[in-house]
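Trainee:
Protein chains in written order, with this note's numbering: chain E, 235 to 410; chain H, 667 to 1224.
1. Considering only the beta carbon of each residue, do residue 364/E and residue 1221/H sit closer than 8 Å?
2. Examine chain H for any beta-carbon lying closer than 8 Å to the beta-carbon of residue 339/E, and answer yes or no.
3. Thinking residue 941/H and residue 982/H are a contact (beta carbons under 8 Å), I'd like their distance in whole angstroms, please.
4. State the DSSP-derived secondary structure class of residue 880/H, mapped to helix, strand or coil.
5. Note down, in chain order, each residue of its chain lying with its Cβ closer than 7 Å to the Cβ of residue 1041/H, except the 5 sequence neighbours on either side.
6. Answer yes or no: does any C-beta atom of chain H fall closer than 8 Å to that of residue 329/E?
7. Spell out the partners DSSP gives residue 314/E in its beta bridges.
8. Check whether the Cβ atoms of residue 698/H and residue 1211/H lie closer than 8 Å to each other.
9. Distance, Cα to Cα, residue 614/H vs residue 972/H?
10. In terms of residue numbering, what span does the beta strand (DSSP E) encompassing residue 846/H cover?
11. How long is the line joining the alpha carbons of residue 734/H and residue 356/E, rounded to whole angstroms?
12. Mind checking residue 820/H: buried by the 16 CB within 10 Å criterion, or exposed?
13. Please tell me whether residue 397/E has its Cβ less than 8 Å away from any Cβ of chain H.
14. Please go through the same chain and pick out, in chain order, the residues whose beta-carbon is closer than 7 Å to the beta-carbon of residue 358/E, but skip the five residues on each side of it.
15. Can you grab the Cα-Cα spacing for the pair residue 852/H / residue 1189/H, in whole Å?
16. Does residue 1025/H have its Cβ less than 8 Å from a Cβ in chain E?
17. For residue 948/H versus residue 1009/H, is the C-beta distance shorter than 8 Å?
18. Could you round the C-beta distance between residue 377/E and residue 269/E to whole angstroms and report it? I think they count as a contact, below 8 Å.
19. What residue ranges within the stretch 953-1041 of chain H form continuous beta strand (DSSP E) runs of no fewer than 3 residues, ordered along the chain?
20. Bridge partners for residue 810/H per DSSP, in chain order?
21. Could you check what DSSP says for residue 766/H in three-state terms: helix, strand or coil?
22. Chain E beta carbons: is any one of them nearer than 8 Å to that of residue 1009/H?
23. What separation, rounded to the nearest whole angstrom, lies between the Cα atoms of residue 324/E and residue 379/E?
24. Any contact of the stretch 915-923 of chain H with the stretch 885-901 of chain H, i.e. 3+ C-beta pairs under 8 Å?
25. Among 945/H, 978/H and 952/H, which one has its Cα closest to the Cα of residue 959/H?
26. The ligand GTP heavy atoms versus the CB of residue 948/H: any closer than 7 Å?
27. Looking at the strands, I want to know which residues DSSP matches up with residue 649/H.
28. Please look up how many angstroms separate the CB atoms of residue 373/E and residue 391/E, rounded, as I've assumed it's under 8 Å.
29. Step through the CB atoms of chain H and report whether any lies within less than 8 Å of the CB of residue 277/E.
30. Kindly indicate if chain E contains any beta-carbon less than 8 Å away from that of residue 853/H.
31. Establish whether the CB of residue 235/E and some CB of chain H are separated by less than 8 Å.
32. Might you give, ordered along the chain, the residues of its own chain that have their beta carbon closer than 6 Å to the beta carbon of residue 299/E, omitting 5 neighbours on each side?
33. Could you check the C-alpha separation between residue 1131/H and residue 1026/H for me, to the nearest Å?
34. With DSSP run on the structure shown, which of helix, strand or coil describes residue 1144/H?
35. Where does residue 1217/H land, buried or exposed, given buried means 16+ other C-beta within 10 angstroms?
36. Within the same chain, show all residues whose beta-carbon is closer than 6 Å to that of residue 716/H, passing over the 5 residues directly before and after it, in chain order.
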């Protein structure tokens, strides 16, 4: 009986200690140092948008669906920004072969995105991107709340709908 | 009361000690985060002698990997488990097996970042050092060793590395030591922070050590081999407003190896790029020279593995299946290349621009051999055991390796219909690029129409029509594809490639495919025939054998 008491109190004590610890943290952007198309060094953990949602899209010059996604959003980007304040960060994973062609392509296409150059795939690996296009959505606190691979016509409608929900304070993360 | 013995109460002792530990461990895990991804590719192979698809004795082959990354504050650790049971056709059979192929731990302390284990790193544009992976090509030259990054003041980044390189399930024999320094002038000097002229410069050094070994020059003589081979590079990037200019020069000490036919000549490479861009217009011109820059951490290695450096090809990487039939790969033993590209968007509400604007992309690239002269009258060019040749730095060699002129026009007609038209004109020196002397140079013209029609806001039909005409190699190809997509979850496709104009059997390379995407998971199924060809991503190419059968790809991130 005494033994049982000891064991029980021991367990309870241990659990009490355990209960004090914090809840699991939400996923945030990993810290990777890469450059933007203007040659400025950026720490990816510091990507933010004044409390508004951020879309991060991994793409490359050799990826047709990626460029389709960026061109499609470019047509409505101004409206999206006015309505929701969302910002899109386009992360090019082109390597030294074509990374220098990214800036002229972005400007030639009239894309008004923040564009980062992940020439050796460091950010891509830290974000566990296998195939592109791979798009992430961050809420105003910088937490990764949604992600999607591939692009098909109309996928952008789901994306902006999610941004609107985030702005209303709804929780859009997939429940496990 | 019974006597307390360790043996008798070992369970209780174990319980008392381990239980809180388990909880503590859980604590640690809770305050950190675990992320990762997974991919599986498998194919069930059927025999088809008409396309050269051989019988596979395993019937099914599979490649799979999973990355798991654990992050807690400034500490990150991760591993990648790979499994090739057995490697799919086209992947090197030396990958056969399963295991942890990549593991590392990184600690980040303010100005320092220290990594032990495996890592990928690139100095400058990579011409003397780049380790990277292309999982879909089976390419991985990851370092196994130590890396330290040091950021003494804003705008200065110093890196140092030591280690060996991955070679399938082992590491190569060469030890690499090196360092890189980069200075972003505008970040270093406060008064230049907002200056419109931005200057970045850097330099790097790599030294390879491989013990000498016995490699015979002829029956009686052996090569005197350098054990240490050093390479240096310097780079500069200047930008002001719409103009951006960057250059890198690399030098490698003499390094007789199997790829350069054991010549003792030094290596050199130069890369120069200038671009001008403003809203609606981007122009870029680049040039490069590569001379004897094959650099591997094993002297006798040929092929794709153990590359220390990366020599970018200055050619456009085509995305359509017929324009990608003849891809170019950099010739490390010597090439002179140029590339020019213009991207222009004809503004909206003009005659050519229409309601939505029209985008035009022009690209030209060319690669030749370098100029080579024999050392003297009695020594052949690139004779083994000699200095190899002399070369005029600025002169193009006579032999053309590759030329590509292409134009692409993208146009949105109305809110439902959009498309693009492309024309590609290629000259492809098959003998040099594929390393099969005697094969003819291929002259090909490719036309591609890509049309997408939106049925509803989220349903669309995409069609691709492609045609390749050439009098060489396998002669003409025609290809058609229809894809139906229901955003954001589903896609279905059917395609056929047909080869005609040649004397052989006429074959339809048909393919049926479907895919399902749910958040970060994707499953893709396809059935059909795949033609033999070369698949290139990034810097490396892989020979893809003809295959027939059922294919599944499963990918997920978490």
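Where is the CB? At the ideal position from N, CA and C, for every residue including glycine.
These figures come from a predicted structure and were not determined experimentally.
Mentor: Based on what the coordinates show:
1. yes
2. yes
3. The pair is not a contact, with the Cβ atoms about 15 Å apart (cut-off 8 Å).
4. Three-state result, residue 880/H: coil.
5. 1052, 1053, 1055 and 1056
6. yes
7. According to DSSP, residue 314/E bridges with nothing at all.
8. no
9. Limits of chain H in this structure are 667 at one end and 1224 at the other, which puts residue 614/H out of reach.
10. That run of the beta strand (DSSP E) goes 841-850.
11. Approximately 15 Å between the Cα atoms of the pair.
12. exposed
13. no
14. 292, 327 and 352
15. 46 Å
16. Answer yes: the Cβ-Cβ gap between residue 1025/H and chain E drops below 8 Å somewhere.
17. yes
18. At roughly 25 Å, the Cβ-Cβ gap does not stay under 8 Å, so residue 377/E and residue 269/E are not in contact.
19. 1000-1012 and 1024-1036
20. 784/H and 830/H
21. Here residue 766/H sits in strand by DSSP.
22. Yes, residue 1009/H counts as interfacial toward chain E.
23. 18 Å
24. yes
25. 978/H
26. Within the structure as shown, the ligand GTP is missing, as the structure has no ligands at all.
27. As shown, chain H starts at 667 and ends at 1224. That puts residue 649/H outside it, with no answer to give.
28. At roughly 19 Å, the Cβ-Cβ gap does not stay under 8 Å, so residue 373/E and residue 391/E are not in contact.
29. no
30. Taking a beta-carbon distance threshold of 8 Å, residue 853/H counts as an interface residue toward chain E.
31. Below a pLDDT of 50, predicted positions are generally treated as unreliable, and residue 235/E, at 49, falls in that range; the measurement from the model is reported next regardless. Not one chain H Cβ lies under 8 Å of residue 235/E.
32. Short of 6 Å from the beta carbon of residue 299/E, and not among the five residues preceding or following it, lie these beta carbons of its own chain, in chain order: 367 and 385.
33. 19 Å
34. Residue state, collapsed to three classes: strand.
35. A buried status is given to residue 1217/H, since no fewer than 16 other beta-carbon atoms sit within 10 Å of its beta-carbon.
36. 1171 and 1173
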